[in-house]
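Chemist:
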Amino acid sequence: MNTRLVLASRVARQAVGLFSLWLLLPVLVSAQAAVPTANSPRAAPGPAALNAIPTSHDRTGRLIAQVMLDGLGPFRFMVDTGANHSVISDALRVRLGLSLDNGPPITVSGIAGSRAAATVTLERLDSGALHFRRLRLPVLNGPVFADIDGILGIDGLAGRLLTADFRHDRLAISNAWSGVPIGDIEIPARIVSGKLFEIDALVGGVSAKAIIDTGSQRTIGNAALLQALSSKYRADAISIPTTVVDATATSQDGVLHLVPSLRLGATSMTSFYIAFGNFRVFNTWRLSRQPAIILGMDVLGLFSRITLDYRRNDFGILPRSEMESLRSIESMD
Numbered sequence: 019m020n021t022r023l024v025l026a027s028r029v030a031r032q033a034v035g036l037f038s039l040w041l042l043l044p045v046l047v048s049a050q051a052a053v054p055t056a057n058s059p060r061a062a063p064g065p066a067a068l069n070a071i072p073t074s075h076d077r078t079g080r081l082i083a084q085v086m087l088d089g090l091g092p093f094r095f096m097v098d099t100g101a102n103h104s105v106i107s108d109a110l111r112v113r114l115g116l117s118l119d120n121g122p123p124i125t126v127s128g129i130a131g132s133r134a135a136a137t138v139t140l141e142r143l144d145s146g147a148l149h150f151r152r153l154r155l156p157v158l159n160g161p162v163f164a165d166i167d168g169i170l171g172i173d174g175l176a177g178r179l180l181t182a183d184f185r186h187d188r189l190a191i192s193n194a195w196s197g198v199p200i201g202d203i204e205i206p207a208r209i210v211s212g213k214l215f216e217i218d219a220l221v222g223g224v225s226a227k228a229i230i231d232t233g234s235q236r237t238i239g240n241a242a243l244l245q246a247l248s249s250k251y252r253a254d255a256i257s258i259p260t261t262v263v264d265a266t267a268t269s270q271d272g273v274l275h276l277v278p279s280l281r282l283g284a285t286s287m288t289s290f291y292i293a294f295g296n297f298r299v300f301n302t303w304r305l306s307r308q309p310a311i312i313l314g315m316d317v318l319g320l321f322s323r324i325t326l327d328y329r330r331n332d333f334g335i336l337p338r339s340e341m342e343s344l345r346s347i348e349s350m351d
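Mapping of the sequence shown onto this note's numbering: residues 19 to 351, in sequence order.
1) Over the uninterrupted beta strand (DSSP E) stretch that includes residue 85, give me the two end residues.
2) Using DSSP with H/G/I as helix, E/B as strand and the rest coil, what is residue 127?
3) Assuming contact is defined by CB atoms lying nearer than 8 Å, are residue 184 and residue 300 in contact in what I supplied?
4) Indicate the three-state DSSP secondary structure (helix, strand or coil) for residue 109 in the structure shown.
5) For residue 298, tell me which candidate among 156, 327, 239 and 171 has the shortest Cα-Cα distance.
6) Classify residue 216 as buried or exposed, calling it buried when 16 or more other Cβ atoms lie within 10 Å of its own Cβ.
7) At what residues does the beta strand (DSSP E) containing residue 95 begin and finish?
8) Would you kindly report the start and end of the unbroken beta strand (DSSP E) that includes residue 270?
9) Taking all protein chains shown into account, do 16 or more other C-beta atoms lie within 10 angstroms of the C-beta of residue 317, making it buried, or fewer, making it exposed?
10) Around the Cβ of residue 212, are there at least 16 other Cβ atoms within 10 angstroms (buried) or fewer (exposed)?
11) Would you give the residue range spanned by the alpha helix (DSSP H) that residue 246 belongs to?
12) Using only alpha-carbon positions, find the residue among 319, 269 and 332 that is nearest to residue 79.
13) At 3 residues or longer, what runs of the beta strand (DSSP E) sit wholly inside the stretch 174-231?
14) Given a cut-off of 8 Å, decide if residue 232 and residue 114 are closer than it, judged by their beta-carbon atoms.
15) Are the beta-carbon atoms belonging to residue 260 and residue 273 less than 8 Å from one another?
16) Hey, how far is the Cα of residue 276 from the Cα of residue 158?
17) Using three-state DSSP, classify residue 133 as helix, strand or coil.
18) Just mark residue 149 as buried or exposed, buried being the case when its beta carbon has 16 or more other beta carbons within 10 Å.
19) Can you have a look at residue 187 and say buried or exposed, based on whether 16 or more other CB atoms are within 10 angstroms of its CB?
20) For residue 104, count the other beta carbons within 10 Å of its own beta carbon; 16 or more makes it buried, fewer makes it exposed. Which is it?
21) What residues match up with residue 159 in a beta bridge as DSSP calls it?
22) Could you tell me the distance, in whole angstroms, from the CA atom of residue 262 to the CA atom of residue 120?
23) By Cβ distance, which residues of its chain are closer than 6 Å to residue 338, with the 5 residues on each side in sequence left out?
24) Could you check if residue 144 is buried or exposed, using at least 16 other CB atoms within 10 Å of its CB as the buried criterion?
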């Protein structure tokens, strides 16, 4: 096959903001939300509004949960299935008047690097069916937290269902499986590195491991996958430099490629963009030696609904009715 592995020529050096973290200890992330003043009455926790924002031609999708902290809020937290714990932003910490702990900092690892983070201690964190008590959370700042108040990790999802209905802009975290199929297409998953959802994928005809990461804005691939694709297709592909910035505010250079196809179970799409590089996270997750990708919201948000079943280890997909005519996500760039 002599199909060229090409890139969008109009994409200049572009910062690809990846919100994914591999938080080694509990974490929650910050952005902007209405925060009660010090003299305001403490709000009683109520039903949390959850949102599943789809990927469209002019935006990348997101999963946003409303979170109560010590009875105050609600605050906007991004649900990140690539983060094993939660984080709070420094901006929100200041607005809430929370003092930093006197204990040692916590090392937080992201896509590109790691940093030592001071912590705060909260008595309660509540979001829908999730309830945590006495949490020590790392504090981070940076551009990732421009419009969210925190990152809600997967530490509370064991045995639960996480369903993002992009058609109806709804996000649900439930405690039990009802027996109803979780999607038109169900893909067996494996739990790796503790709690990460991993499935098998075909990227340009190359078998690859795929991590489901709702916290990543962009899908990224490792050097092993790029090498396999380069050997399969013509080697004269153009590479457009790009920069990946993670929630630790660490940046790392990569290259942006447009691969011919992506297949997940019985569904597939063409002209699929991936940012490739020797990103630190692949070493952290022991995925550097075999072709692997981290599936971000640029792809996940294209479906009508996705479900992560942490009880049965299944990944469910309900494609959009117009999925067959979707030929490219070039507009994501």
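We put the beta carbon where it would ideally sit given N, CA and C, even for glycine.
Modeler: Checking against the coordinates, here is how it stands:
1) 80-87
2) strand
3) no
4) helix
5) 239
6) buried
7) 90-97
8) 269-282
9) buried
10) exposed
11) 241-250
12) 319
13) 179-183, 188-192, 203-206, 208-210, 214-221 and 224-230
14) no
15) yes
16) 33 Å
17) strand
18) exposed
19) exposed
20) buried
21) For residue 159, which the question treats as bridged, DSSP gives no partner whatsoever.
22) 32 Å
23) 322
24) buried
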